[in-house]
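Heads up: the sequence shown at position 219 corresponds to 219 in this note's numbering, and the numbers run straight through without jumps.
Virtual Cβ for every residue (Gly too), placed ideally from N, Cα, C.
Since the structure comes first, as structure tokens, the remarks are kept for the end.
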Amino acid sequence: MLSTIRSDIQRAVLSRGFLAGAFGMAIVIVLASAASLYTTFENGPQLPPGYHVELIGNALSSDMVMFAMPILCTLPFTPVFVDDIQSGFIKQFLPRCGVNAYILGKLLACAISGGLVLFIGILLAYILSTLGLTPLEDPFDGGIIATYSAMILGKAALFLCSGMLWSLVGFTLASITKSRYMAYAAPFVFYYILIIIHDRYFGAWYYLYPREWLNPSHFWILGDWGLVLLQSAFMIGFSIIFAIFAKRKLGNG
């Protein structure tokens, strides 16, 4: 079972989709930062201390990043079950690994790659910002660097968690509908519907607001861990749905 899980995770994180998603996330963050950076440089070449962190933090709260996130997290692995069924690969692979190992491997690989693709994309953007802008900033205490890095890592961790959830949404719905298009479209559609419902009808239901999961502005029991636990519950729910469907599908051939 462990070799199957390891193989699936490697297949996901070493895929072209993962590479495209990570670089895509970094590019979206850079584009979301462009207007702010241009305005700042208009006022002079010298930047305030910590500007490279503030720039990335603001970009991660922008509409551009918010709406790109549920699409980019689907690129590495979400259509894999549909591909395996349609290509006939599963008939050759399943006898060697077993149904349970196959299901668990696909779920873990999808969730891990969907979260990591956003996490790594954010780190790439932060590295670019640090290398490009830090030399232009006013001097500041070197000890602050660790605090700045922790802020970005905290943000990236929230994106990682949401990426895991939305990739599983796409993976599960694509598998049930047998459609590769659902793998990429379903997370964005559900994400957008939840935003519309919150903004227009149920503003008090912030715990079901996807943007709140990425940039919390309300009180959460256990702080950010409350966000993680809530999304983990949804992940478990979608994983159970897929497991039930896949067992029936694979059991019937």
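Residues that DSSP places opposite E137 in a beta bridge
L47
Spatial neighbours of M1 in its chain, beta-carbon cut-off 6 angstroms, leaving aside the 5 residues before and after:
A101
Contact belief for G121 with G17 at Cβ below 8 angstroms, rounded distance in angstroms
The pair is not a contact, with the Cβ atoms about 13 angstroms apart (cut-off 8 angstroms).
Backbone secondary structure at W205 - three-state DSSP:
coil
Can you give the Cα-Cα distance for A32 and F202, rounded to whole angstroms?
28 angstroms
Am I right that L108 and G163 are in contact with their C-beta atoms under 8 angstroms? What's the rounded C-beta distance?
About 14 angstroms separates the two Cβ atoms, so there is no contact after all.
Among I221, I176, A59 and G114, which residue has its Cα nearest to the Cα of I27?
A59
In its own chain, which residues sit with a C-beta less than 7 angstroms from the C-beta of V169, not counting the 5 before and 5 after it?
A186, P187, F190 and F238
Which of the three DSSP states, helix, strand or coil, is assigned to W225?
helix
Closest Cβ-Cβ distance between A185 and chain D: below 8 angstroms?
Absent from the structure is chain D; it holds one protein chain and no more.
Rounded to whole angstroms, how far is the Cβ of T177 from the Cβ of I241, which I believe are closer than 8 angstroms?
So it is not a contact: roughly 12 angstroms between Cβ atoms.
Write down the C-beta distance between A243 and I103 rounded to the nearest angstrom, noting that I regard them as a contact closer than 8 angstroms.
5 angstroms
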